[in-house]
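Worksheet: the structure to be examined is printed underneath.
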Amino acid sequence: EDQVTQSPEALRLQEGESSSLNCSYTVSGLRGLFWYRQDPGKGPEFLFTLYSAGEEKEKERLKATLTKKESFLHITAPKPEDSATYLCAVQAGLKAAGNKLTFGGGTRVLVKP
Amino acid sequence: DTGVSQNPRHKITKRGQNVTFRCDPISEHNRLYWYRQTLGQGPEFLTYFQNEAQLEKSRLLSDRFSAERPKGSFSTLEIQRTEQGDSAMYLCASRPPGLSGNTIYFGEGSWLTVV
């Protein structure tokens with residue numbers, strides 16, 4: 778069974794204080810690893826997809842990296858508007874109808890000014 | 003707005019009542035998913051449609067839950083005889099056809115509170 782574990786559960790940062798979120802996974806044949814941002818009361822908003830170990834993607838202050846067992850989401854010099862829950866999900870490629878996503882529990886990030 | 007649309011956004015119902023949620027996916031997305039999310043948790047997969055065919059159902063989807071996608075466009079999720087444990091946000095997502103469409107896009111969700 779595919780499993781995704783995110784740590785820490787919550788992260789409080791001062792504005793400008795860089796940090797990293799971890800996503801550890803076990804999956805039968807990784808098709809893709811996804812990062813989403815979720816604001817309170819809203820649906821998840823797509824950020825990145827990573828497909829193979831060593832791949833990196835960046836968007837503004839966010840950078841996602843992937844190894845064979847985990848992914849990191851680095852937040853560089855965060856601003857208060859980066860406060861949100863960040864969700865990691867894996868998409869299995871083997872015998873998975875529709876290539877559904879299996880999510881971790883998320884990391885709640887609060888950036889204080 | 004051409005994103006995934008869900009209605010109603012909020013629903014408060016008494017225990018034992020039936021509720022129905024509707025999802026309109028992004029145009030031309032033939033794949034549609036339903037997820038459930040409780041506070042502090044990540045979304046959990048419920049069911050998947052490709053066009054009008056329901057191809058996978060999670061064991062979380064008890065016999066009180068039924069989902070349809072009659073013409074391969076919009077979808078409905080009905081919960082019969084609601085229980086307090088059904089209180090959650092129900093998320094719909096869609097994905098384009100073919101190998102080029104790997105990203106799954108989510109709607110804003112439908113909040114259900116069972117009192």
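Chains as they are written, first to last, in my numbering: chain A, 778 to 890; chain B, 3 to 117.
Positions of the beta carbon are idealized from the N, C-alpha and C atoms, including for glycine.
Next item on the list: Just list the beta strand (DSSP E) runs in the stretch 23 to 70 of chain B, keeping only unbroken ones of 3 residues or longer that don't cross its boundaries, in chain order.
Entry: 33 to 39, 46 to 52, 55 to 59, 67 to 70
Notebook entry, point to check: Quick one: which chain B residues come within Cβ less than 7 Å of F880 of chain A?
Noted result: Those are G44, P45, listed as they occur along chain B.
Notebook entry, point to check: Given 8 Å as the limit, is there contact between the stretch 36 to 52 of chain B and the stretch 843 to 855 of chain A, that is, 3 or more CB pairs closer than that?
Noted result: no
Next item on the list: Identify which residue in A:L887, A:G882, A:V867 has its Cα closest to the Cα of D779 of chain A.
Entry: A:V867
Check: Which of the three DSSP states, helix, strand or coil, is assigned to G87 of chain B?
Finding: helix
Notebook entry, point to check: With 9 Å set as the bound, which would you pick, yes or no: does the beta-carbon of V886 of chain A sit closer than that to a beta-carbon of chain B?
Noted result: no
Margin query: Per DSSP, what are the beta-bridge partners of A95 of chain B in this structure?
Written below: B:Y35, B:F108
Margin query: Taking 6 Å as the limit between beta carbons, can you name the residues of its chain near E833 of chain A, skipping five residues before and five after?
Written below: T842
Notebook entry, point to check: What is the residue span of the beta strand (DSSP E) that Y863 of chain A lies within?
Noted result: 861 to 869
Notebook entry, point to check: In whole angstroms, what separates the C-alpha of P72 of chain B from that of S112 of chain B?
Noted result: 20 Å
Note to self: Which residues in chain A have a C-beta closer than 7 Å to the C-beta of T22 of chain B? List them in chain order.
What the structure shows: Those within 7 Å of T22 of chain B in chain A number zero; the least Cβ separation is about 19 Å.
Item checked: Inter-residue CB distance, I81 of chain B and N20 of chain B (contact presumed, cutoff 8 Å) -> 7 Å
Notebook entry, point to check: What is the DSSP secondary structure of N20 of chain B, counted as helix, strand or coil?
Noted result: coil
Next item on the list: Quickly, what does DSSP pair F132 of chain B with across the bridge? List them, please.
Entry: Nothing can be reported for residue 132 of chain B: it is not among the residues displayed for chain B, which extend from 3 to 117.
Margin query: Taking the alpha-carbon of E794 of chain A as reference, which of A:D816, A:I852, A:R885, A:A830 has the nearest alpha-carbon?
Written below: A:I852
Note to self: With a threshold of 9 Å between beta carbons, is G109 of chain B in contact with chain A?
What the structure shows: yes
Next item on the list: Consult DSSP for E822 of chain A and reduce its assignment to one of helix, strand or coil.
Entry: strand
Notebook entry, point to check: Using the C-alpha atoms, what's the distance from T15 of chain B back to F825 of chain A?
Noted result: 37 Å
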